[in-house]
Structure formats: structure tokens, C-alpha cells
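Residue numbers (my numbering), protein chains in the order written: chain A, 1 to 166; chain B, 167 to 332. Quick reminder that beta carbons are idealized off the backbone N, C-alpha and C, glycines included. This structure is a prediction, so every number in the text was calculated from the model and none was measured. Before any comments, here is the structure.
2 protein chains.
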Amino acid sequence: MKDSVDRHIEYWRHELAGYDALAEAIAGRIQLLARHMEKPKKDSLAEHGVQLWEFQTLKNLRRRGQPYEATPGELATALGMSPAAMTKRLDALERSGYVVREHDTQDRRKVTVRLTVAGMRTWARTVDDQGLVERRLVGALTLTEQDQLADLLRKMMLVAEQNDRT
Amino acid sequence: MKDSVDRHIEYWRHELAGYDALAEAIAGRIQLLARHMEKPKKDSLAEHGVQLWEFQTLKNLRRRGQPYEATPGELATALGMSPAAMTKRLDALERSGYVVREHDTQDRRKVTVRLTVAGMRTWARTVDDQGLVERRLVGALTLTEQDQLADLLRKMMLVAEQNDRT
DNA sequence: AGTAGATATTTCGCTGGTGAAATATTCTCC
DNA sequence: GGAGAATATTTCACCAGCGAAATATCTACT
Chain A
1 MKDSVDRHIE YWRHELAGYD ALAEAIAGRI QLLARHMEKP KKDSLAEHGV QLWEFQTLKN
61 LRRRGQPYEA TPGELATALG MSPAAMTKRL DALERSGYVV REHDTQDRRK VTVRLTVAGM
121 RTWARTVDDQ GLVERRLVGA LTLTEQDQLA DLLRKMMLVA EQNDRT
Chain B
167 MKDSVDRHIE YWRHELAGYD ALAEAIAGRI QLLARHMEKP KKDSLAEHGV QLWEFQTLKN
227 LRRRGQPYEA TPGELATALG MSPAAMTKRL DALERSGYVV REHDTQDRRK VTVRLTVAGM
287 RTWARTVDDQ GLVERRLVGA LTLTEQDQLA DLLRKMMLVA EQNDRT
């Protein structure tokens with residue numbers, strides 16, 4: 001059975017000299033799968049009245065463990081975005097009561113963002129649904145295949161992250 | 167060797183009941199790899215003074231073969247975006263002289279978008295660099311592994327595309 | 001032939017991102 | 001201890017996307 005990427009590749013293969021069909025098949029599917037996961041995740045969050053970017057920010061704070069704190073800058077790099085964007089996110093999250101911002105007493109340039117109880121509850125209420133989306137897609141594979149896939153993707157990740165650091 | 171996803175999972179595994187580490191490892195890496203590819207693609211296009219969204223639009227027109235035409239609506243669905251966004255893209259592409267818009271003579275609601283010679287040249291100038299980015303990442307794997315990976319991803323794609331159609 | 005509904009595109013107001021400049025604070029070192 | 005560099009956050013102007021409403025045209029039915 002062919003997927004949309006197979007059909008794309010079929011065309012370019014004849015059309016383009018020096019076309020690496022295998023690399024395109026992999027890269028193309030990674031791009032498309034990432035996009036395919038986003039939509040249902042957004043939908044399931046929307047049922048709880050939560051935005052994807054809200055969830056991601058709360059999740060990252062949660063992940064840090066008690067006392068669930070971070071600076072805006074840390075959050076921005078952890079989530080791969082500009083500090084400017086994080087300021088806007090935090091403005092909204094603070095308005096919704098999911099986080100609080102305090103000036104650091106040691107270094108008053110810094111700001112401490114802390115998850116509130118309400119923020120924690122919102123994260124907890126939505127976290128299970130998110131995994132569901134992923135499990136549905138990954139469920140297309142047997143456990144052995146999942147293991148293989150995870151390993152192969154790790155190899156690519158290591159190259160990608162290697163290059164970031166330099 | 168552990169990648170950033172391994173480290174994430176390590177944490178959640180103890181923290182979250184019913185956590186499917188394997189599914190998360192796969193989904194997480196797909197998301198991150200997609201983002202990792204975007205940046206260098208943008209950079210390499212920027213050297214030619216081209217935006218990623220410009221390239222994608224030109225590429226899709228090019229893919230249709232002679233006479234390299236499509237309607238805005240077709241382009242919008244093919245590229246997975248709203249027609250409104252496509253109008254904006256086409257406005258800009260037309261200003262740059264990469265495409266022309268004409269009213270269809272049969273059905274005057276329709277618009278025909280056609281790749282110009284300049285548009286074709288811009289696509290041709292940049293297309294090779296795009297593949298390079300992908301080959302670098304995929305190059306982390308042997309050919310056999312690439313085959314396996316492409317197949318595994320196809321299985322997930324089929325499930326994802328299946329669900330779209332319904 | 002005339003009107004209701006369907007279809008294709010564009011316009012509009014909003015959202016969440018960006019990079020660069022502005023602001024506030026701390027660090028360094030002469 | 002004061003000047004200048006470094007660091008952390010925010011503000012600003014802009015960009016590309018979205019959904020909904022507006023516009024233009026075609027189709028179908030009576």
C-alpha cells in the first residue's frame with residue numbers, strides 16, 4: 001500500500017537527476033507525521049478549553065519537579081522559541097491564573113515563573129488525552145517494530161542534536 | 167548514547183502512571199526531527215533570498231508538470247493550509263514575478279495560478295540544497311536501516327492518512 | 001427566466017511567532 | 001567606586017497563519 005509520500009516520490013524520481021528517494025521518503029514522512037499529530041492534539045485540548053502552547057508551557061514547568069519553577073529564559077530555550085514569545089505566553093498564562101511571576105530576590109533581573117495549583121490541575125486534566133493521540137499512531141506497529149523505530153530515530157536525533165551544539 | 171528524548175522519558179516514566187515510554191519516544195522524536203530540519207532548510211533558502219513558504223508553493227506548482235498551473239484552492243489543500251493563507255502567498259509570489267494569476271475563461275469564479283520562468287528558475291536554483299539537509303540527517307543510517315525506517319514510517323502514515331479521509 | 005443554493009476566492013480582524021531595540025540590573029576591572 | 005560590558009526580560013513593529021464574513025459567479029430547480 002502506498003502513502004502520499006510514495007506517490008510524491010514516484011514523480012520526482014523520474015524528474016530530478018540525483019534524487020535520493022529514500023532520504024526524501026523518510027524526511028517527508030517525518031514532516032507529515034509531525035503535522036498529523038498536531039491537529040488531534042489541539043482538538044483534544046480544545047475540549048478542555050486549553051491551547052496547545054498553554055499545555056506545552058505548563059508541562060515543561062511540571063517536568064522540572066518541585067517547586068515547579070523556571071525563568072522565562074529557561075522556558076524559552078527549553079521550548080525552542082524566542083524569549084519575546086515566552087513573555088507573551090506568560091502574560092496570558094498569568095492572566096488565566098496558571099502561573100505566577102515573581103522577581104528573583106538574589107538577582108532582580110531574573111523572574112521566577114511558578115506553576116500554580118490551578119495550572120497543575122489543568123495540566124493533569126489534559127495530559128492523558130495527549131498520549132492517546134500518539135499511541136493511536138504508534139499502535140500501527142508491533143512492539144518489536146516500535147523498538148526498532150525508536151532506535152532508528154534516535155540515531156538521527158543524535159546527529160541533529162550534535163549539530164546544534166556546534 | 168542518549169538523546170534529549172531519552173532523558174525526558176526517563177523522568178516521566180517514574181512520574182506518570184500508565185506512561186507509554188515507547189510511544190512517547192517515537193512521537194517525541196518525530197516532532198523534534200521535523201523541527202530540526204526546518205531551521206537549516208530556511209537558512210539555506212535565505213542565502214538565495216527565498217522564504218520556505220515561497221519554495222513550497224513553487225515546488226508544488228512545479229510538481230504538477232506542464233503547464234505548471236493550479237487554482238488557489240488546489241494549492242491550499244495540497245499544502246495543507248487555509249485558502250485565505252494561500253491568497254496572501256500568491257499576492258506576494260505574484261509581486262515577486264514568480265507566478266501569474268488569470269481568471270479562468272470557463273468558470274470565472276476560478277483563478278489559474280501559473281509558474282513563470284522566473285519562478286521556475288528560482289525553484290531550480292534552490293531545490294538541490296533542500297535535499298542536502300535531509301540527506302545529512304538520514305545519512306546517520308546505513309542503507310538497510312533507511313529502508314527499514316522508511317517502511318516503518320509508512321505504516322504510521324497509512325494510519326494517519328486513513329483517519330483524515332473519514 | 002428567476003431565484004435559492006453551492007462554489008471559489010478574497011477581505012478582515014485576530015493570534016502567536018520573530019528579531020531588534022529598550023529597559024533594568026549585575027558583574028568586572030582599573 | 002564608577003564606567004562599561006554582560007545578562008534577563010520586556011516592548012515594538014512586523015509576518016504568516018487562521019476562521020468567518022464578504023464578494024462574485026455558476027448550477028439547479030420550478
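According to the DSSP secondary-structure assignment, A:E134 is paired through a beta bridge with no residue. Within the same chain, Cβ atoms closer than 8 angstroms to the Cβ of B:S248 are found at A242, the five residues on either side in sequence being excluded. In the structure shown, B:A236 adopts extended strand secondary structure according to DSSP, grouped into three states. Cα atoms of A:S4 and A:M120: separation of roughly 40 angstroms, rounded to the nearest angstrom. The closest CA to that of A:E134, considering only B:K205, B:G231, B:R195 and B:A316, is found on B:R195. Note that the C-beta distance between A:V99 and A:L61 is below 8 angstroms.
Only residues of its own chain outside the window of five on either side were considered, and among them none has a CB closer than 8 angstroms to the CB of A:Q106.
Bridge pairing for B:V325: absent [DSSP].
Of the residues assessed, A:T57 falls on the buried side of the cut-off, its CB having 16 or more other CB atoms within 10 angstroms. Among the bridge pairs identified by DSSP, B:T292 is matched with none. In the DSSP annotation of this structure, the continuous segment of the beta strand (DSSP E) that includes B:E268 starts and ends at V265 to H269. For the C-beta of B:Q197, the chain A residues within less than 8 angstroms are, from N- to C-terminus, A34 and M37. Contact annotation for A:L45 against chain B: no contact, minimum CB-CB distance about 15 angstroms [criterion: below 9 angstroms].
Inter-residue distance for B:A290 and A:E69 is about 49 angstroms (C-alpha atoms, whole angstroms).
At least one CB atom of chain B sits nearer than 8 angstroms to the CB of A:G131. Residues of the segment 47-81 of chain A whose Cβ lies closer than 9 angstroms to any Cβ of chain B, in chain order: R62, R63, G65 and G80. Of the other Cβ atoms in all chains shown, fewer than 16 fall within 10 Å of the Cβ of B:L309; this residue is therefore exposed. The beta carbon of A:T116 is closer than 7 angstroms to those of G97, Y98, V99 and V100 in its chain, skipping five residues each way along the sequence. Chain B places a beta carbon closer than 8 angstroms to that of A:M1, counting this residue as a contact. Scanning chain B for C-beta atoms nearer than 8 angstroms to the C-beta of A:K155 yields A306, L307 and E311, reported in chain order. Among the residues facing chain B, A:R13 is not included, as its CB has no counterpart in that chain under 8 angstroms away. Secondary structure of A:R114 (DSSP, three-state): strand. The Cβ atoms of A:L153 and B:I192 lie closer than 8 angstroms to each other. The C-beta of A:D20 comes closer than 8 angstroms to at least one C-beta of chain B. A Cβ-Cβ distance of about 16 angstroms is found for the pair B:M167 and B:L303, leaving them out of contact under the 8 angstroms criterion. Interface with chain A (8 angstroms Cβ-Cβ cutoff): B:R301 is included. If the five residues before and after B:K207 are omitted, its C-beta is found closer than 7 angstroms to the C-beta atoms of L218, Q296 and V299, all from its own chain and listed in chain order.
If you draw a straight line from the Cα of B:K276 to the Cα of A:Q148, it comes to about 48 angstroms.
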